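Peer 1:
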Amino acid sequence: MVSDLEKGFNDDQCSGHPEGSGRSFLDSIEGLASQLKAGYSGATTPAKSDLSDFSPDDFPEIETTDKTARKITELREIIASIESRPQLQHEITLDRNYRINYKGELNRAQLEAVTSIEGPVLVIAGAGSGKTRVIVYRVAFMMENGISPEDMLLLTFTRKAAGEMLGRVQQLLKDNSAQKVFGGTFHAFANFVLRKYANLIDVPPDFTIIDEEDSADTIDLIRSELKTEKTGKAFPGKNRIREIISSARNRNLTIKEVINEEFTGLAEFTGDIELISQGYEKYKKICRIFDYDDLMEVLRNSLRDNPTFRKRLNSAYKYI
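Residue numbering for the sequence shown follows numbering that gives the first Met the number 0, beginning at 0 and increasing consecutively.
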């Protein structure tokens, strides 16, 4: 369910641990989780289960490495190349009377983005160029063309942004049906969908969501069960371990690869962190708890691996 990282490690093959110690550690985690499982039942607070105001700012900044700097440079070059391409001019014909004067209220580039509603569209634009305006008018234009608001999915980084956009659509059209558009954060959408289709994708519908602080505390609890050898260097703290585990999951890398790329000074602790990661996944599974990464990962994996689930969502949201 939430244990993709587990698949990459054998209990007794983590570096730096004798045969049997890995299994013994994971057995102790299983016992610990079984004892504490009841404490998570119904423990999800509205703030955590809703995730309504969750934003990228809640994540710590990623340390810039030579590799990420090169990737950023490559992306900037790609964007510059796309922006410098000659634009194919064609007449945009609005063949009916609309409540909104789209041609009068949008510039040509915005109008083209708003009226191109069939098929995928990529809009690349700088700050202050009207990206939010385009989304607002695009939703309105689709509704004016008879597309049901319930067929639309509006994903943003904060609930506030989604609410403001749909409020502006409502003002433009003077139509309350804009509120039927599902608008919210990526994590809130994942939370909603995973619970709604829990039986189909084999996840517990009553899972509890833990935030980053709780995640780090859980990792600290797992770490306390691990018998580490004393070395001259201090063992990494709970937040650093959580950062390494999260980075590996979000980038589809192994713990070892993340440490070798970003945290070379912690190389001697690779085996221990791999074991802690396994223990963390086992603990979450037994206690039915999801962290923020689980929401994204389980949704992605379910869309990838479950054709029935994928078909249901394709049918439910035709315009994203």
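Glycine included, every Cβ here is placed at the ideal spot set by N, Cα and C.
In this text the structure is predicted, and so the values were computed from the model without any measurement.
Please state the DSSP three-state secondary structure of Y279.
Peer 2: Residue 279 sits at position 280 when you count from the first residue of the sequence shown. Three-state DSSP puts Y279 in a helix.
Peer 1: Considering Cα atoms alone, identify which of A139, I81, L154, D292 is closest to V122.
Peer 2: To locate residue 122, count along the sequence shown from 1; it is residue 123. Checked all of A139, I81, L154, D292; the closest Cα to V122 is I81.
Peer 1: The beta strand (DSSP E) that contains G182, what's its start and end?
Peer 2: Position 183 of the sequence shown, counted from the start, is the residue given in the question as residue 182. Residue range 181-184 is occupied by the beta strand (DSSP E) that includes G182.
Peer 1: On a Cα-Cα basis, can you pick out the residue from V133, E256, R84 that is closest to R107?
Peer 2: For the purposes of this step, residue 107 is taken as residue 108 along the sequence shown, with counting starting at 1. Residue V133 is the option with its Cα nearest to R107.
Peer 1: Report the option in S176, P203, A160 whose CA atom is closest to the CA atom of T184.
Peer 2: If you number the sequence shown from 1, residue 184 lands on position 185. Of the candidates S176, P203, A160, the one whose C-alpha sits nearest the C-alpha of T184 is A160.
Peer 1: Quick one: which unbroken beta strand (DSSP E) runs of 3-plus residues sit fully inside the segment 185-231? Chain order, please.
Peer 2: none
Peer 1: So, for V257: in the same chain, excluding its five sequence neighbours on each side, which residues have a beta-carbon less than 6 Å away from its beta-carbon?
Peer 2: Mapped onto the sequence shown, residue 257 falls at position 258. Closer than 6 Å at Cβ, skipping near neighbours: I243, S246, A247.
Peer 1: From L298, R241, I200, pick the residue whose C-alpha is nearest to that of Y279; which is it?
Peer 2: Taking the sequence shown and counting its residues from 1, the one referred to as residue 279 is at position 280. Residue R241 is the option with its Cα nearest to Y279.
Peer 1: Among residues of its own chain, excluding the 5 on either side of K173, which ones have a beta-carbon nearer than 6 Å to its beta-carbon?
Peer 2: The count along the sequence shown starts at 1 and reaches residue 173 at position 174. If you ignore the 5 residues before and after K173, its C-beta comes within less than 6 Å of no other C-beta in its own chain.
Peer 1: Taking DSSP as the reference, what is the three-state secondary structure of T320?
Peer 2: Residue coverage of the chain in this structure runs from 0 to 319, which leaves residue 320 outside it and unanswerable.
Peer 1: Measuring only the C-alpha atoms, how far is F268 from F234?
Peer 2: In the sequence shown, the residue the question calls residue 268 occupies position 269. In the sequence shown, the residue the question calls residue 234 occupies position 235. Rounded to the nearest whole angstrom, the CA to CA distance from F268 to F234 is 7 Å.
Peer 1: For K237, I'd like the list of residues in its chain whose CB is within less than 8 Å of its CB, leaving aside the five on either flank, ordered along the chain.
Peer 2: Translated into positions along the sequence shown, residue 237 becomes position 238. Cβ-Cβ distances below 8 Å link K237 to A215, D216, I218, D219, R222 in the same chain, with the five nearest sequence neighbours on each side left out; the list follows chain order.
Peer 1: Quick one: what's got a C-beta closer than 6 Å to G182's C-beta in the same chain, skipping five residues either side?
Peer 2: Counted from its first residue, the sequence shown places residue 182 at position 183. The residues are L153, A161, L165.
Peer 1: Going by the DSSP bridge assignment, what does M141 pair with across the sheet?
Peer 2: Position 142 of the sequence shown, counted from the start, is the residue given in the question as residue 141. The partner list for M141 (beta bridge, DSSP) is empty, contrary to what the question assumes.
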